[in-house]
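Residues in the first sequence are numbered from 3 upward in steps of one, following our numbering. Structure first, then comments.
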Amino acid sequence: MCGRYALYGPTSRIREQFDLDDGFDFGPRYNIAPTTKVLVVHPGQHCERLASTYRWGLIPSWAKDVTIGAKLINARSETVAEKPAFRAAFRRWRCIVPANGFYEWKPVQEGSRTIKQPYFIRPQDDGDLFGFAGLTERWMSPEGQEVHTCCIITTDANALMMPIHDRMPVILAPNDYGAWLDPGNPDADGLRALLGPAAADGMIAYKVCRAVNSSRGDSPTFVEPV
DNA sequence: CCAGACGTTGTT
DNA sequence: GTCTGG
DNA sequence: CCAGACGTTGTT
DNA sequence: GTCTGG
């Protein structure tokens, strides 16, 4: 799955990788957690590429309160086109979530107790960025406040991830960014076909400090190998 | 017809 | 909003 | 995802 | 054990 990640730029690299037509103010962040504001790449009114902050955890339009958002931080690629909570967003509100890498936890037996060993997974070239496939929604709170939310789509683990965890975020190929972001793209099958596991070559995974386990901390050391 | 759900993950 | 279960 | 809370009353 | 918050 994908429940924690990092985005530390640099800003110029993010702009370049995602062909952004505007500026943004975000990061660097080494411990991005659900229910907080995350940076999302999405089409603007004239299909220009914008980057804005959205609350991580999808709140469907019919929700009565925000609490469902904490549960809908991921959507399964296998069912995203049909599930009531996601299908409207899959049809019309697709986005990309930029990341320098993501964390996964592997349960490890240490003596009599099980600890959660965090790993950081990123492109081999540390200057490179992942683009996760995501969805957005707009929810109107009972108080009349519009809340923009998003989630990250998951898929099976690739060969690199398998020993750590059986799911991983969908990482889009740069060539597919345009098709994924186009709100007028009617080819649901073609879109679904983009949601497989990314190739393992070009990616690396390594153990990192357990201080990242708490969502409250934030430090560049979290993405360094231990 | 109305009421109630609508999700993923990990663990067992 | 829309589908499923009763 | 993991960490941390999980409760009421009366008094200050 | 289960839910909430970050």
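Just so it is clear, CB atoms sit at the ideal spot from N, CA and C, and this is done for glycine as well.
Let me make sure I understand the geometry here. Which of Gly198, Arg218, Val68, Leu9 has the alpha-carbon closest to that of Thr157?
Gly198
For Gly5 and Phe122, I'd like the C-alpha separation in whole angstroms.
12 Å
With a cut-off of 8 Å, do at least 3 Cβ pairs link the region 181–189 to the region 143–159?
no
In whole angstroms, what is the alpha-carbon distance linking Phe20 and Cys97?
Phe20 and Cys97 have their C-alpha atoms roughly 11 Å apart.
What ranges does the beta strand (DSSP E) occupy inside the region 11–76, keeping only unbroken runs of at least 3 residues that lie completely in it?
31–34, 39–45, 51–58
Could you please give me the residues that DSSP links to Glu139 through a beta bridge?
Thr151
Can you tell me whether Cys49 is buried or exposed, with buried defined as 16 or more other CB within 10 angstroms of its CB?
exposed
So is Ser79 buried or exposed if we call it buried at 16+ other beta carbons inside 10 Å?
buried
Output needed for Arg194: all residues of its chain with C-beta closer than 7 Å, excluding positions within five of it in sequence on either side, in chain order.
Ala83
Please determine if the region 58–70 and the region 24–32 are in contact, where contact requires at least 3 C-beta pairs separated by less than 8 Å.
no
Among Pro36, Lys73, Phe92, Asp67, which residue has its Cα nearest to the Cα of Asp191?
For Asp191, the closest alpha carbon among the candidates Pro36, Lys73, Phe92, Asp67 is that of Phe92.
Looking at the unbroken beta strand (DSSP E) that takes in Gly129, where does it start and where does it end?
Looking at the DSSP string, Gly129 is not in any beta strand (DSSP E), and its letter there is neither H nor E.
For Asp203, name the three-state secondary structure that DSSP assigns.
coil
Quick one: what does DSSP say Val172 is sitting in, helix, strand or coil?
coil
May I ask which residues mark the beginning and end of the alpha helix (DSSP H) holding Ala190?
190–194
Can you tell me which of the three DSSP states Thr223 falls into?
Thr223 falls in the helix class under three-state DSSP.
So if DSSP puts Pro100 in a beta bridge, which residue, or which two residues, is it bridged to?
The partner list for Pro100 (beta bridge, DSSP) reads Gly133.
State buried or exposed for Ala77, treating a residue as buried only when at least 16 other CB atoms are found within 10 Å of its CB.
buried
With Gly136 and Cys153 assumed to form a contact (beta carbons below 8 Å), what rounded beta-carbon distance in angstroms separates them?
6 Å
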